[in-house]
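For the sequence shown, the numbering used here gives the first residue as 143, with consecutive numbering after it. Here the structure comes first, spelled out in structure tokens, and everything after it is commentary.
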Amino acid sequence: MQSALFDIINEDGGQFPEIETKFSFEPFLNYLKERTRNEISIKKNFFENVLHEFKLIFEVHGTVNEENIVHFEPIFRLIHASLNPPLVEEEEAYWALGFPIGQKICFGTDKFYELLKQHVCQDQLRISQNPLDSSDKTNMLYAFILERLYGINPAKHLELIHSFEDATSGLQKYYRIHIDHSFVDVNVTGELPIIDRSKIRDEFSKTLNFEIIKSILPLDQIRLDGFSILTVTDVTAQQALENIKNMIIRGVENSDSYGHVIQALKILAGSADIEFSLLPFLRLNAQVVFDFKNKKNSIIYSLFQNNKMSEDRIQEILDQFIKQPQILVFSNDQSPEDKNIQFFWDKLKELDVVNYALIPIAHNKELVGVIEVFTKKKVVLDEQVLARIFSASTLLAQLLKDEIVDFETKINEVIKDKFTSLQSAVQWKFNKEAWTYLQQLEEGKPRPIIGDIKFEQVYPLYGAVDIRNSTIERNKAVYQDMVVHLELLEKLLVRLKDLHSIVILDEMIFNCRRWLQEINEEMMDSFQIQVNDFFNQNVPEVLTYFTEYSKEAHTLINGYEKAVHPIEGIVYKNRNILENSIQLINSGISGYLELFDKELQSSYPCYFEKFRSDGVEYDIYIGQSIAPNKKFNEIYLKNIRLWQLTSMAAIGKITHSLLEQMGKHLLTTQLIFVNANLIDINFRTDEHRFDVEGSYNIRYQIIKRRIDKVTLKGTSERLTQPGKIAIVYFTKNDEKEYLGYIQYLQKNGTLLDDLEELELEELQGVKGLQALRVGINFTSYEAID
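Dropping the structure here:
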């Protein structure tokens, strides 16, 4: 131990609060006297001896001051012995004694003085992880004063964390400084101000708002007498973990932040020569992939880059590691027994790796990634070092989990931006293209072009449930409502003319009467545009004028405006009844098709897409390219065809059962198109949907769009009819297959015994279409299990 006056202010340049302080033994002597009076054990003799030594040294040197303080080293040693357990190795501790609030040090252990000498110009004091400035130090002083004078303790903990770069390792080391003011008296000049203790305790203890205290009790009214004791604790490991936690809270968004985490791990390991790489297990379509964009220090990445190992071989080793996760450690002094692992280690040595460890990291029992720990120098990487590194595993698990969540979010954002919301059956391929797109993104360069999403050689199935005569019914509803509207408007205009005759009203009345005579249900499309322009442009202008003209006119116009309200008005009655009926049918169809889709996916993954209009159309695509990990068999195609036919019968019965709930009775037709040939489909990013590809395949799309209006050969009768299912096909094999399904469904009562085999009129560019048509049994229906 040594005695030397060390001025902290001059060494670190920090600004302590301006307050009068005086070094004094008086508080400590009072403490000893009190202990001596109350102590009955052997310690009493010790305390009495200490007091005697104080008396002797005071007789020789007088009261202590800065000039004679070096002569009090024997007393300082007694103070140390009084306050520390006898078995403590004094030279291993960071302990010092100094002026009040620690402005100057006058005695301490050799290790403490060594720390002060290393401290020069490296001050990084902290309070609650925020850098301390002079106001923070003032706040810490006020916290002590409040405790002494008013018995108020802050709820928040105030502490000093000092860091500096270790000369040996080149890494930051962290020390917590505790200043014990037990032997410091607080003296106030004049009277002690009276404060509202309850208010101060409630407001200050929670918020640490020292401005309240500073206004009541300025520091120039206070003097501190006594000495402070400083103890320092090495908290490098704890602070390294704290740094990682702070990075997680802020979010590791770039390589700099990632570098701070790596630096914290180096501090934890105690060596700048130990390197780290954090690799989250990013799962793309159930397979682990790695994003090396910000992880280029990874050894696994180096194996890829330097062609030391093939991607497949590394994937094989990783798959084995994922199945049986364990800490793998390699060094030049020890060779692994597993041949696959030995091969891996041999490749690592080609990269000049001396030590290597692969540590699995789990988050809530789920493997989320690994830490690579490696050196290219002869550095100790033993169990103790690995244990220190593993102490950060919980924090690193959260960090890796956050990266996985961020990866999944980015993939979904690319899909949403470049494609659309997708079905699970094809999501895997969009994930793959999104991942490729993200890997090609480079800052400052044009965005890459997203790749094509194509599924080759798939079987298409098409179905359509159409509302019969929906266009005619819509025109009829518009006609009926427009007649009501014109009649209502004519009556209003005549009433307004009685109030105030202007020429424009005569013309408008004339137009209403003329249109009532000319209106024709079959010519509504062209007629409607002309009349709607009149309703929406000419009429409002005139009604606004009359609203301002008289209260009577205002009342008449209010009645008219209620009648033309698009939801509640009488002039929309027929259209609303029709739309509600159509909505009822579409909801019933869509609800059933959602159940139908779930049944299909449970059998074999397929793409199912429906389109709503007056009724519902849908496409189904099934084949090996849609689910490459599950072997395709034509039995899945047969299964889906039978399900489609069954579902059409169910939908027909559902729409028929809704007739009683419809304001306007509407009937549906059911159509299935069977395409015997495989086709290719490609995702159109401009339209966010799949479409067929190639001239031959486009023929399938053309037929789809035209067959809903096809007629029977030599007649004007349409193929599709209410209460029936029409099946359009080309080949005898398809006919034979569907005849078997129909016979089965007729036998269990789903379909009627009225099967028709029909030839169809040629469509433009399409010959040889044939059809089967069969009625749905509305009185009895049995679902297929």
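Note that beta-carbon positions come from the ideal geometry of N, C-alpha and C, so glycine has one too.
- The DSSP assignment places complete alpha helix (DSSP H) segments of no fewer than 4 residues inside the region 196–259 at 215–225, in order along the chain.
- Per DSSP, the continuous alpha helix (DSSP H) segment holding Val684 begins and ends at Val681 to Tyr691.
- Bounds of the beta strand (DSSP E) holding Asp761 are Gly757 to Ile764.
- Straight-line spacing of the CA atoms in Phe165 and Ser413 works out to 42 Å.
- When the beta-carbon positions are compared, Met804 and Asn722 come within less than 9 Å of each other.
- For Ile371, the enclosing beta strand (DSSP E) covers residues Ser370 to Asp376.
- Here the alpha carbons of Asn824 and His798 stand approximately 37 Å from one another.
- Within the same chain, and ignoring the five residues on either side of Tyr734 in sequence, the residues whose Cβ sits closer than 8 Å to its Cβ are Ser789, Ala792, Ile793 and Ile796.
- Straight-line spacing of the CA atoms in Asn281 and Tyr255 works out to 27 Å.
- With a threshold of 16 other beta carbon atoms within 10 Å, Tyr579 meets it and is buried.
- Nearest in C-alpha terms to Arg841, of all of Thr857, Asp822 and Glu859, is Asp822.
- With 16 or more other Cβ atoms inside 10 Å of its own Cβ, Arg915 counts as buried.
- In the DSSP assignment, Glu776 is bridged to no other residue.
- Less than 9 Å separates the beta-carbon of Phe815 from that of Gly605.
- Residue nearest to Ala411 within the set Thr517, Leu366, Leu470 and Leu445 is Thr517 (criterion: CA-CA distance).
- Taking the Cα of Lys866 as reference, the smallest distance to any Cα among Lys596, Asp608, Tyr702 and Lys855 is reached at Asp608.
- Here DSSP, grouped into helix, strand and coil, assigns Leu421 to strand.
- In this structure, the alpha-carbon of Gln582 lies about 26 Å from that of Asp461.
- With distances taken between CA atoms, Leu631 lies nearest to Cys654 out of Thr613, His323, Cys654 and Ile644.
- Secondary structure of Arg860 (DSSP, three-state): strand.
- Restricting attention to alpha helix (DSSP H) runs no shorter than 4 residues, the region 596–648 encloses them at 612–641, ordered along the chain.
- Leu542 is positioned such that its CB atom lies no closer than 9 Å to that of Ile501.
- Under the Cβ criterion (8 Å, minimum of three pairs), the region 518–532 counts as touching the region 416–430.
- For Asp327, the closest of Lys889, Leu470, Asn449 and Ile364 by C-alpha to C-alpha distance is Ile364.
- Using a C-beta cut-off of 8 Å, the region 365–383 makes contact with the region 232–247, since at least three inter-stretch Cβ pairs fall below that distance.
- For the 9 Å CB-CB criterion, Leu383 and Val471 do not form a contact.
- Each residue's CA atom was taken as its position, placing Thr205 and Glu195 some 14 Å apart.
- DSSP, reduced to helix, strand and coil, places Ser305 within a strand of the structure shown.
- For Leu366, the closest alpha carbon among the candidates Ile294, Gly244, Lys387 and Asn474 is that of Gly244.
- Asn497 is bridged by DSSP to Ser473 and Thr517.
- The three-state reading of DSSP puts Asp739 in helix, counting H, G and I together.
- Looking at the backbone, the Cα of Val852 and that of Asn611 are separated by about 15 Å.
- Within its own chain, the residues whose Cβ lies closer than 6 Å to the Cβ of Phe241, once the five positions on either side in sequence are excluded, are Thr163 and Phe165, listed in chain order.
- For Thr163, no alpha helix (DSSP H) run applies; the uninterrupted beta strand (DSSP E) run containing it begins and ends at Glu162 to Phe165, by DSSP.
- Under the three-state reduction of DSSP output, Thr853 falls in the strand class.
- In the three-state scheme derived from DSSP, where H, G and I count as helix and E and B as strand, Gln314 is classed as strand.
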